[in-house]
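Inspection log for the structure reproduced underneath, given as structure tokens.
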Amino acid sequence: MFNSKVLSLDIGSKNTKIVLGTQHRKNVIIEKAITMITPIGCYNDGNILDVTKLKDEILENLQAENIRCKNIIITTQSTTVITRDIDIPVAKKEDMDSIIKFQMERYLPIKFDDYIMQYKILEEFEDENIKQAKFAIVVYPKIMVDGYYKLIKELKSNAIALDISSNSINKLFINNIQVNDENFSSDDTVAVIDLGHDFTNVNIISDGNVLFTRIINYGGSHIDVDIAKQLSISEEEAEDQKFKNCNLERESLSDMQSSMVNDIAKAQVKNWIREIEKLLNYYKNKKQGNKIDKIYIYGGSSNLKGIEMFMKDVVNLPVTQIHSLSNVNCSKINAANVDSSRIDEELSKYLNAIGAIIRLR
4 MFNSKVLSLD IGSKNTKIVL GTQHRKNVII EKAITMITPI GCYNDGNILD VTKLKDEILE
64 NLQAENIRCK NIIITTQSTT VITRDIDIPV AKKEDMDSII KFQMERYLPI KFDDYIMQYK
124 ILEEFEDENI KQAKFAIVVY PKIMVDGYYK LIKELKSNAI ALDISSNSIN KLFINNIQVN
184 DENFSSDDTV AVIDLGHDFT NVNIISDGNV LFTRIINYGG SHIDVDIAKQ LSISEEEAED
244 QKFKNCNLER ESLSDMQSSM VNDIAKAQVK NWIREIEKLL NYYKNKKQGN KIDKIYIYGG
304 SSNLKGIEMF MKDVVNLPVT QIHSLSNVNC SKINAANVDS SRIDEELSKY LNAIGAIIRL
364 R
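Okay, here's the thing in structure tokens:
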């Protein structure tokens, strides 16, 4: 599938991001990137609730954009997906499944027949002359996976991969790339944080691996709900007010309504930052030598005015919104007479779908 076009879907409860692209060596070449509204009642916390309705909406958008591609990758995030790192002795490849499953059953009170497990080796080491490995484990509920495969079947397409957003974003952060035209080294340890609609996903990445990942139940929708209640408007209008009138760097704004919206946003974002800070401190205290050099933010809520400085003042670390990555090539979109500055502005919301296109050999 390398160098073949794929359609990458990042499905969310509010919006679904669709990216048509190709992996070329360590780069991703993007041809199309669109956002569609996810039909109400179709999707919740990683689970597809109405496959047919979602399929119809996707097909309508693909036809409108003249997108034809039968190879599909889906990337997702859910509070029901379990991620763990465990250290176990290295054994024969054919024995590893049962060994890892046995170890995971010791830690997790779940019925493994209802789950699907994937894993990869993060590193190998010796402990008391015994060869061991640190494994990154991902455990998906079968009912969730079945929903994605049913969707792909309804789309009359081929399932290439199911990914999780922490792994998708990790594949973009390789050594010797540039983030916003600044050099990035995989020797650095960075927190890459997806500020989404329903959730905030905190990923700590170093040396090409996700060292820590957690989902926080705070997102942009919480601001919308609070604004809608306060101003007696719809959540859609509240979202417009949020992006139009918020500036987290400013103490007061010109009119009462704008100040009220700004205060509501600040209160919610402070909640996010408190939870993020707890996770960062947990990671740093987990093991001697653990550090975080920088924070990168992306996703829809990273577009809130002033959020970088607002976060930086609390966590005392550099905070930067991702606008561009040197290993993501958007020139084919530019060729279609799309404003390049607009692409930079929009790129961050597509990063999970873009990263999922990368398939490691």
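Residue numbers (the numbering used here): 4 to 364.
Each residue gets a CB set at the ideal place from its N, CA and C atoms; glycine is no exception.
Classification of residue i by the beta-carbon crowding that lies within 10 angstroms, buried from 16 upward
i    : result
M259 : exposed
E242 : buried
T192 : buried
Y152 : exposed
N248 : buried
A231 : buried
N204 : buried
F105 : exposed
D227 : buried
H200 : buried
M107 : buried
D116 : exposed
N340 : Note on N340: pLDDT 44, under 50, position unreliable in the model; no value is reported.
Y110 : exposed
S343 : Low confidence applies here, because S343 scores a pLDDT of 48, under 50, leaving its location unreliable and the question unanswered by this model.
S168 : buried
Q80  : buried
N132 : exposed
I61  : buried
Q66  : exposed
A338 : Any reading at A338 needs caution, since the residue's pLDDT is 46, under 50, leaving its predicted position unreliable; the model's value is listed next. Exposed.
T55  : exposed
Q26  : buried
Cβ-Cβ distance between residue i and residue j below 8 Å
i    : j    : result
I21  : T41  : no
I219 : F202 : yes
L283 : I295 : yes
A356 : T78  : yes
S16  : Y46  : yes
L198 : S305 : yes
M39  : N64  : yes
S189 : N173 : no
I33  : N332 : yes
R362 : A164 : yes
A139 : Y122 : yes
A136 : E127 : yes
I360 : G24  : yes
M314 : E252 : no
G150 : G223 : no
Start-to-end residues for the alpha helix (DSSP H) that takes in residue i
i    : result
E68  : Element bounds for E68: n/a, residue is neither H nor E.
N106 : The residue asked about is misnamed: residue 106 is Gln in this sequence, not Asn. It spans K96 to Y110 - the alpha helix (DSSP H) in which Q106 sits, taken as one unbroken run.
I155 : K145 to E157
N173 : S168 to N173
Nearest candidate by alpha-carbon position, reference residue i, set the options
i    : options                   : result
T82  : K137, V141, L65 and K35   : V141
S351 : P112, S171, E131 and A136 : S171
E68  : G302, N186 and I37        : I37
Y353 : L175, F138, M99 and I155  : L175
L307 : N250, D117, T86 and D130  : N250
D212 : G24, N132 and I124        : Strictly speaking, residue 212 in this sequence is Asn, with Asp absent from that position. Of G24, N132 and I124, the residue nearest in Cα terms is I124.
N183 : Q26, S7 and T323          : T323
I298 : N288, K289 and S209       : S209
I279 : T19, L320 and I89         : L320
Y118 : G223, R277 and K145       : K145
K273 : Q181, D316 and M120       : D316
K35  : E240, K8, Y221 and L234   : K8
V195 : V264, F215, I310 and I180 : F215
N18  : I43, E240 and D53         : I43
G309 : S334, R277 and N265       : N265
Beta strand (DSSP E) segment containing residue i, residue limits
i    : result
E204 : One point to set straight first is that residue 204 is Asn, not Glu, in the sequence displayed. From DSSP, the beta strand (DSSP E) with N204 extends over T203 to S209.
N212 : N212 to I219
S11  : V9 to I14
I113 : Where I113 is concerned, there is no enclosing beta strand (DSSP E), given that its DSSP letter is neither H nor E.
I180 : I180 to V182
H1   : Here the chain comprises residues numbered 4 to 364, so residue 1 is not present and cannot be evaluated.
R87  : I85 to P92
I177 : That residue, I177, is in no beta strand (DSSP E); it is neither H nor E in DSSP.
Q121 : Y118 to D130
N293 : Here N293 belongs to no beta strand (DSSP E), and DSSP marks it neither H nor E.
T192 : No beta strand (DSSP E) contains T192, which DSSP labels as neither H nor E.
T38  : N30 to I40
Could I get the ranges of all uninterrupted beta strand (DSSP E) runs contained in the stretch 295-359, with 3 residues as the minimum, in chain order? Runs found: 297-301 and 322-324.
Scan the stretch 230-268 and note each continuous beta strand (DSSP E) run of 3 residues or more that stays entirely inside, going in chain order. none
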